[in-house]
Structure formats: structure tokens, C-alpha cells
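J.: Numbering (my numbering), first residue to last: 21 to 179.
I have a structure here, written as C-alpha cells, and I will follow up with some questions on it.
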Amino acid sequence: MKINGIFPIIITISGIIFLVVLLLGRNSLNDFISEKMKVQVDAETSLSVEKEINTLYNYTHNSKDYEFTLLEFGSTGCTVCKQMEPVLEEIRNSEKPKVNVVFFNIMHPENLAMMKYFGISAVPMQILLDKTGKEFFRHYGFIGSDDLIALMTVNSVQH
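Here is the structure:
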């Protein structure tokens with residue numbers, strides 16, 4: 021009888037520990053999957069996307085006067101992605117720093133190459149590019165505009 025009473029408790033505790041480990045390790049898991057996706061990009065796609073990034077988001081080579089680019093990978097059916105919409109709008113309307121906010125809907129096939137290049141494994145995913153189009157920050161999930169602006173401000177000071 022005692023073994024039958026202990027077994028459900030052990031299963032419950034094991035399940036809770038498993039869920040906690042998954043929750044704590046989700047960023048590591050996303051990073052791992054992201055890196056695996058990046059190495060699967062063929063050379064032609066990689067060169068094509070790099071050229072597109074350089075053309076559109078390297079503000080030292082084009083005539084646009086942005087300081088940063090915020091790439092938001094998301095979906096219209098994603099609850100957290102919807103929560104990010106006012107944040108994106110606030111960043112888009114900020115005067116300092118001046119940020120080019122670009123939304124990529126992961127459900128649209130034309131965004132697949134960009135998703136593979138950046139190794140997007142979960143949404144919403146925010147990627148910050150500096151003035152030269154180089155990635156300096158990535159985040160999965162919700163992040164507030166104050167945090168994003170602070171990251172850009174720190175990056176401005178460092179460069």
C-alpha cells in the first residue's frame with residue numbers, strides 16, 4: 021500500500037522538475053535550434069540574404085538615416101506577438117534613436133530565407149542590427165520598448 025501511495029508523489033515531483041528544467045532552459049534550447057537552422061542555410065541563400073541585409077539595413081552605405089534596425093519575426097495569430105505591436109509602434113515613432121522597425125510574418129513564404137538565415141526557431145523574436153547591419157542583440161518573447169531603447173543607447177555609446 022505504501023509503495024502505491026508514494027509512486028504518484030514521485031511521478032508528480034518528477035513532472036514538476038521536468039517542467040522547471042524546460043522553462044529555465046528554453047533560451048538555451050532556442051539558441052541551440054537557432055544555430056542548427058543557420059548551418060542548414062545553403063551558400064546561395066546566405067549570400068542572397070547578406071546582400072539584402074547590406075542593401076536595406078547597412079545605413080553607412082545607403083542614404084537612409086536610421087541608427088538601428090529592429091527585425092521582429094512573428095505571426096498575426098501569436099498572442100505575445102500581438103502584445104509586441106504597441107512596443108514596435110513606440111520604437112518606430114521614437115526620434116532618438118531613429119530605428120527602422122521591420123516585421124517579418126513567419127507564415128509568409130517570402131520570409132523563409134530571412135528566417136533561415138537568422139535561425140528563427142520561435143516567435144516573437146527580436147533582432148537588433150547596428151548601423152552597419154550587424155546583429156548585436158537577439159531576444160525571444162516579449163520585451164518592452166524601454167529595454168530595447170536602453171540596449172540601443174548602450175550600443176551607440178560603445179561605437
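We treat Cβ as the ideally placed atom computed from N, Cα and C, and that holds for glycine.
Small disclaimer: the values here were computed from a predicted structure and weren't measured.
With distances taken from CA atoms, which of GLU92, PRO106, GLN178 is nearest SER141?
T.: The count along the sequence shown starts at 1 and reaches residue 141 at position 121. Comparing Cα positions, the closest option is GLU92.
J.: From ILE29 to ILE37, what does the alpha carbon distance come to, in whole angstroms?
T.: Here residue 29 corresponds to residue number 9 of the sequence shown, with the count starting at 1. Here residue 37 corresponds to residue number 17 of the sequence shown, with the count starting at 1. Taking the straight line joining both Cα atoms gives about 12 Å.
J.: Leaving aside the five residues before and after PHE157 along the sequence, list all residues of the same chain whose C-beta is less than 6 Å from its C-beta, in chain order.
T.: Locating residue 157 in the sequence shown gives position 137, where the first residue counts as 1. Counting only Cβ-Cβ distances below 6 Å, and skipping sequence neighbours, we find LEU148, LEU171.
J.: On the DSSP letters alone, give me the boundaries of the beta strand (DSSP E) that ILE147 sits inside.
T.: Here residue 147 refers to the residue found at position 127 of the sequence shown. Looking at the DSSP string, the run of the beta strand (DSSP E) that includes ILE147 is 145 to 149.
J.: Just checking, does the stretch 107 to 121 make contact with the stretch 75 to 93 on the three C-beta pairs under 8 Å criterion?
T.: Touching, yes, given that three or more Cβ pairs across the two stretches are closer than 8 Å.
J.: Could you name the residues of the same chain whose beta carbon sits closer than 7 Å to that of ALA133, not counting the 5 residues immediately before and after it, in chain order?
T.: Taking the sequence shown and counting its residues from 1, one reaches residue 133 at position 113. For ALA133, where only same-chain residues beyond five positions count, the Cβ hits under 7 Å are THR65, SER68, VAL69.
J.: Cα separation between MET57 and ILE163?
T.: If you number the sequence shown from 1, residue 57 lands on position 37. If you number the sequence shown from 1, residue 163 lands on position 143. When rounded, the distance between both Cα atoms is 23 Å.
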